[in-house]
Each structure stands twice: as structure tokens, then as C-alpha cells.
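Protein chains in written order, with this note's numbering: chain L, 129 to 371; chain C, 129 to 371. The C-beta atom is built at its ideal place from N, Cα and C for all residues, glycine as well. Worksheet: one structure, shown below.
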């Protein structure tokens, strides 16, 4: 049995998320459907992790087992010609039998985009969270640095997950601004359900003065204080998966 | 009666074009519907010109007459809160009674984007024409310069127009490249139906060697030679309207 690895990107706007579900168009479902057509076999696609409805990926990794003799290059071409244009396969290659897109992940990088201007251009509105407030940049930057290292992120997990061990290590954070456009970057060895969006939602509340600074550290200690809301999905990008 | 001028932008992907029609969602239709709700009067929106289904605008101008006393600023805010996010009003202001968005136009600038790489990212595929060929950049640049000045563009008009006088003056052309991304710019005192897309379609045929260089000049002289096909709508942007 061959083991094939795909590197792909997608605009999540029109999908119900990565995971195949009974109803609606999912990224996994679209790719599996097309692969089954190309390979004439059942395909079970494993990704580095799910992304929610409306979340984008600039770099997602998946793998699947295949019996077919079609070259990886030709599978990629066939996929790109049959998939909707909002999913593109950047690379396909044969990998060792034991490569597993989820279990072998070393770390993942997510980016989150916000836009502060009064008016959001129609050409970026599907890729940013519109936050029309004044934000204290240096307060947010300082707050973000508290995230670095191993912490229990239990307070940054949305309901609907069955994960028990909520400790994760954040190895890198970034916060850049360019005009009204702000970009958060978080790299970790793993992410809980809606963790990035809950972190960003909390950072915005600190940045606009609704929460005192130190709220992130307080939540990481498990204090009984409020976190921010889940930031909307369209600002979130799975940016890189590292093996 | 007040005369109000709007400056707006739109992502044309999900519209049947600027013009209101019996069926489907048009940019004109959406804005008129919302204005009628805000102003409690019938509204007839005049634009600098129509754009076709799938064509975008970074800067479109329109005007309409109103009896209401609501300030231009408040009309803009109400429009942006009620319109779909792929249409944004950048500015609204009261102008002189005789301002007419179409008749007063001095010139218009269109840009057309093409992408030459093998793989088009899902984040740009709605805004470029994918042209996966080698193109001769300097041949296209030279060919474009033949467009400058007054010419009869009859050969660059698609069927479906009743325009008799097909002379137009192109005052500016540009052709820039940045990696696999190429941008055409054309400024003229007026454009015929699908003129930009027919020019770009022809330039691409010259650039890939299917037509000899000199084809544009030949078509402008009225020679009986083939023009290129109409380039697809998603690469086209109305970029500026000058009064």
C-alpha cells in the first residue's frame, strides 16, 4: 500500500469546515470524493487537524493510503482539475508508510487577521475580523508574551471537546501591524478546540481596555475570571504544519 | 432635490453585474433596494457605467436624487450596515445639481490581472485570469503602446451593443509584472462593450506567439484579421473614475 501526503490550501468561506459531515460541503468530503473518482477505491483522508467552518488554510497537510499506480504528480493534477477552485493541492508525494498527518505533527502555526479601519474592503472582508475600536498595541504585545511556554489552556477551550489533557506548549507568538491591518501569530505543539480564537477574543478585550492587562496570565493560572468571546472564523488561517 | 454622489467598491463574484435585471442580484439593484428602505422614496441610481457579471470595482461612482434630510454621512453608514459585505460605500456626499455620474466622466481606468504560475491560490483565483503559458513580456509591452491615442475600436467591441461611434482615446497604458502576477492598466475617455477584455484576450495571444506582433495595430486599422477571445470577467477591475 502506498502512503501519499498532500500539502494543500483552501479558502474556508464556503465550507462547513474540514470534517466530512452528513450535510454540507466539507474540505475533507470534497477531496475524498474526487480521490475516489480518480483512484477507484475508498479513501480515508487524515489531516493534521480539523479546521472549523469558515476558517482558512494556507498550508494544511493530509495523507491517505492508495493502491493505484498513478504517480503522485498526476494525482495532484487530477485533483486540481476536479476540485472546486477554493481548494488547491500544492504538492503530492509518496512518503514512508508510518507518516501520519496528525500523529507526526511537531508544531502548527496559526495566524489571525484583524482590521481596524472604519470601512472594510469587500476584497478582504472574508479574511479578517473587523474590530472598529482603538486598540493598545503595546499592551496586547506584552499580554501575548505571557502565552509562551507550557501552560494549562483549559480556559481557552470551547465546549464540545472531549480532550482531557489541556496542557500545551506555545513556542512562538507574534503581533505585527501594518496600517489598520493587524496579524497575530501563534505556534504551538497542539491546539485545543477554538483555542486561537478564544485567545484572540481575550487579547482584543485587553487591548480595548475592557479587561485589565494580566488577564491572559490569570486565565492560565486557572483564576475564576472571564475570558473574551470566540473571535469569528474568517480571520483565522492555518499557516504551517511542522513535522 | 438633493443630488448625492457615492464612491463605492464591490467584489463582483456573486453578482449578475452592475445593472438591475428581472432576475438575480445586481449591484445597482442591491443599493437601490437599500436606499429605498432608508429614504422612503423611489431611487434611480446612475453609475459611471455598467460592469459585467463577475467584474469587480475598486472605485465606482454613482449618483441619485433624494428628498430626504438625512445627512450624506448617515446615508453612507446606513448603506454599509444594510448592504451585503461585498459592496462597500467608501464615500457619500452632496454634489451640485448638474453632476451626472455617467455624462460627466472625463476618463476611466481599468486594471486586468493575470496569473501565470501553475497553481493559483484559492485566495486570488476570484481576482485573476489563470494563464498557464510562457508570455513574451516585452512583445506585449510594445503591442500595448500601439493602443495609445485616438483609434476606432470597432474590432474591440463585443456583440450586444448599439453604440455607433466606436472612436475612443486611450490616454494611458501600463503593464507591470511581479513574479507570476501581471497587471494591465488602460485609461481611456470611454470604453466599448467588453473592450478591455477583448484587448487583453488579444494581447495574450500575441504574448504567447499565437498571433504575430502588430496584431493590435492591424485590428485598429480595421484589417480583416482575428482578434483574441474575451478574457474572463474575474480578472477585471474598474479602478478609478476621473471627473
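Check: Short CB-CB distance (under 7 Å) between residue 214/C and chain L; Outcome: yes
Check: Status (buried if at least 16 other CB within 10 Å, exposed otherwise) for residue 156/L; Outcome: buried
Check: Beta carbon proximity, residue 250/C to chain L, threshold 7 Å; Outcome: yes
Check: Supposed contact pair residue 280/L and residue 214/L - C-beta distance, whole angstroms, cut 8 Å; Outcome: Wrong, their Cβ atoms sit about 36 Å apart, outside the cutoff.
Check: DSSP-derived helix/strand/coil call for residue 273/L; Outcome: helix
Check: Contact under 7 Å by Cβ, residue 145/L with residue 202/L; Outcome: no
Check: Contact residues within the segment 136-158 of chain L, judged by C-beta distance below 7 Å to chain C; Outcome: 137, 138 and 139
Check: Proximal chain L residues relative to residue 241/C, where beta-carbon distance stays under 7 Å; Outcome: The contacting residues do not exist; residue 241/C stays about 12 Å from chain L at best.
Check: Coarse secondary structure for residue 85/C, derived from DSSP in three states; Outcome: Given that chain C is displayed from residue 129 to residue 371, the structure contains no residue 85/C and the question cannot be resolved.
Check: The segment 166-178 of chain L touching the segment 343-354 of chain L, judged by at least three CB pairs closer than 8 Å; Outcome: no
Check: Assumed close pair residue 256/L, residue 363/L - CB separation to whole angstroms, cut-off 8 Å; Outcome: 5 Å
Check: Chain C residues whose Cβ lies nearer than 7 Å to that of residue 253/L; Outcome: 213
Check: Beta strand (DSSP E) runs contained entirely in the segment 197-256 of chain L, provided each spans 3 or more residues; Outcome: 215-223 and 235-243
Check: Beta carbon proximity, residue 258/C to chain L, threshold 7 Å; Outcome: no
Check: Own chain residues within Cβ distance below 6 Å of residue 339/L, not counting five before or after; Outcome: 333
Check: CB-CB length for residue 365/C against residue 193/C, believed under 8 Å; Outcome: Not confirmed; about 28 Å, so no contact.
Check: Which residues DSSP lists as bridging residue 308/C, in chain order; Outcome: Answer is none; residue 308/C lacks a bridge partner.
Check: Whole-number beta carbon distance between residue 327/L and residue 275/L, since they are thought to touch under 8 Å; Outcome: 7 Å
Check: Proximal chain L residues relative to residue 305/C, where beta-carbon distance stays under 8 Å; Outcome: By Cβ distance, chain L contributes nothing, its closest Cβ being about 21 Å from residue 305/C, past 8 Å.
Check: Which of helix, strand or coil DSSP assigns to residue 359/C; Outcome: coil
Check: Within 7 Å, strictly: CB atoms of residue 243/L and residue 309/L; Outcome: yes
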